[in-house]
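Colleague: The structure that follows is given in the form of structure tokens.
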Amino acid sequence: MSNIFADNILLGKVAFVTGGGTGITGGVARAFAEHGAKIAITSRKEENLIPMKQFIEENGGECFAVAADVRDFDAVQNAIAKTVEHYGKIDIVINGAAGNFLCAADQLSSNGFGTVVDIDTKGTFNVCRAAFEELQSSKGQILNISATLHYLATPMQIHVSAAKAGVDAITRNLSVEWGKHGIRVNGIAPGPIEDTEGMKRLLPDALKEKITRKIPLGRFGKIADIENAALFLASDAASYINGVTLVVDGGQWLQGTSLA
Ligand code: HXC
Numbered sequence: 004m005s006n007i008f009a010d011n012i013l014l015g016k017v018a019f020v021t022g023g024g025t026g027i028t029g030g031v032a033r034a035f036a037e038h039g040a041k042i043a044i045t046s047r048k049e050e051n052l053i054p055m056k057q058f059i060e061e062n063g064g065e066c067f068a069v070a071a072d073v074r075d076f077d078a079v080q081n082a083i084a085k086t087v088e089h090y091g092k093i094d095i096v097i098n099g100a101a102g103n104f105l106c107a108a109d110q111l112s113s114n115g116f117g118t119v120v121d122i123d124t125k126g127t128f129n130v131c132r133a134a135f136e137e138l139q140s141s142k143g144q145i146l147n148i149s150a151t152l153h154y155l156a157t158p159m160q161i162h163v164s165a166a167k168a169g170v171d172a173i174t175r176n177l178s179v180e181w182g183k184h185g186i187r188v189n190g191i192a193p194g195p196i197e198d199t200e201g202m203k204r205l206l207p208d209a210l211k212e213k214i215t216r217k218i219p220l221g222r223f224g225k226i227a228d229i230e231n232a233a234l235f236l237a238s239d240a241a242s243y244i245n246g247v248t249l250v251v252d253g254g255q256w257l258q259g260t261s262l263a
């Protein structure tokens, strides 16, 4: 990514990033490291973390990898404790771990619905809750990765839409409850971002051109677009921004989900 922002705008900060091994939040972890932050990444599977850890370290950054399933509060508490043991503090929490698959509501099992809500919504709460004391000490901040699916209605995505609506509620509630502790809580709602696992799962190649035509800016998003939004929100330039979910989608959701 080219350096739009001043070097080292996050120098001295420690960022704890869930889902930080791959995809959008992997990009955010890498970009934060490039701008001076020390990174802790977590994911269910340790093997998803190793390549990102190596990449950040080979490029002069610091990265601590710790496996945890965000659905498991004890595992999350352990990952937070190990990060604090390693770096001494946490300044920024980024909730990026998410589950997704396409399924019609009349085919989806209760457990399928609950699994995605558990990963996205309960997982986000678990990480925020487990990091609260650290964020209170550091006067830190939280960035929750959401979506735009629930702004209208997105067929085959009832589980993710419900889960991300819950994530947005967490962003707003915590911004109010924890603002008085000096903790800023914001979100980012990415639109369709190319080269991500989510897009591979959700979007048949055949539809890509049709969807591109429905995006006002005429292109899919890039992981770098989300990195830039996250760098802005995490930086002091956003020090009075609290409780917003910034949509980064080229204007796509305003066009609705119809492909006609
Ligand atoms: C229907 C499915 C399913 C599918 C799983 N389930 N996959 N139902 N269609 N394709 C159901 C299972 O049948 C089961 O219910 C329940 O979900 C739990 O399945 P498990 O395999 O036991 O769960 P688990 O291994 O814990 O997690 C499964 C998973 C996860 C949620 C699918 O592996 C996953 O999502 N991985 C993808 C990660 C990813 O792509 N992240 C990026 C998200 S992108 P039953 O009733 O059978 O027990 C994103 C962006 C959105 O969020 C916005 C885009 C614009």
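Residue numbering for the sequence shown follows my numbering, starting at 4 and increasing by one per position.
We put the beta carbon where it would ideally sit given N, CA and C, even for glycine.
Kindly provide the ranges of any beta strand (DSSP E) runs that are 3 or more residues long and lie completely inside the region 154-225, ordered along the chain.
Modeller: Counting only runs of 3 or more, we get 187-193.
Colleague: How about I173: is its Cβ closer than 8 Å to a heavy atom in the ligand HXC?
Modeller: In the sequence shown, residue 173 corresponds to position 170, counting from 1. Incorrect: I173 has no Cβ contact closer than 8 Å to the ligand HXC.
Colleague: Using 10 angstroms around the beta-carbon of P207, count the other beta-carbons present and answer buried if the total reaches 16, otherwise exposed.
Modeller: Here residue 207 corresponds to residue number 204 of the sequence shown, with the count starting at 1. Exposed.
Colleague: Please tell me whether S46 and G24 are closer than 9 Å, where the distance is taken between their beta carbons.
Modeller: On the sequence shown, position 43 is the one that residue 46 refers to. On the sequence shown, position 21 is the one that residue 24 refers to. Yes, the pair counts as a contact, with Cβ atoms nearer than the cut-off.
Colleague: Who sits around the ligand HXC, taking every residue whose Cβ is closer than 5 Å to one of its heavy atoms?
Modeller: A101, G102, N103, F104, C106, S112, N114, G115, T118, A150, E200, G201
Colleague: Applying the 10 Å Cβ sphere with the 16-neighbour rule, what's the burial state of S112?
Modeller: To locate residue 112, count along the sequence shown from 1; it is residue 109. The residue in question, S112, is exposed, as its Cβ has fewer than 16 Cβ neighbours within 10 Å.
Colleague: Check whether the region 186-196 touches the region 138-152, counting contact only when three or more Cβ pairs, one atom from each stretch, lie closer than 8 Å.
Modeller: Judged by Cβ distances under 8 Å, the region 186-196 makes contact with the region 138-152, as three or more pairs qualify.
Colleague: Using 9 Å as the threshold, is the C-beta distance between L146 and S164 below it?
Modeller: Taking the first residue of the sequence shown as 1, we reach residue 146 at position 143. Taking the first residue of the sequence shown as 1, we reach residue 164 at position 161. Not in contact: L146 and S164 (Cβ atoms no closer than 9 Å).
Colleague: For K167, which residues of its own chain have a beta-carbon under 7 Å away from its beta-carbon, when the five flanking residues on both sides are left out?
Modeller: For the purposes of this step, residue 167 is taken as the residue at position 164 of the sequence shown. Only D123, S149, A150, L152, H153 meet the Cβ criterion.
Colleague: Please report how far the alpha carbon of G253 lies from the alpha carbon of E180, in whole angstroms.
Modeller: As a working mapping, residue 253 is identified with position 250 in the sequence shown. As a working mapping, residue 180 is identified with position 177 in the sequence shown. Their Cα atoms are separated by approximately 31 Å.
Colleague: Compute the beta-carbon to beta-carbon distance between K20 and A32, rounded to the nearest angstrom, for a pair I have assumed lies under 8 Å.
Modeller: On the sequence shown, residue 20 is found 17 positions in, with the first residue counted as 1. On the sequence shown, residue 32 is found 29 positions in, with the first residue counted as 1. Checking the displayed sequence, the identity of residue 20 turns out to be Val instead of Lys. Confirmed, about 5 Å.
Colleague: Rounded to the nearest angstrom, what separates I95 and L138 at their Cα positions?
Modeller: Position 92 of the sequence shown, counted from the start, is the residue given in the question as residue 95. Position 135 of the sequence shown, counted from the start, is the residue given in the question as residue 138. Approximately 7 Å, taken between the alpha carbons.
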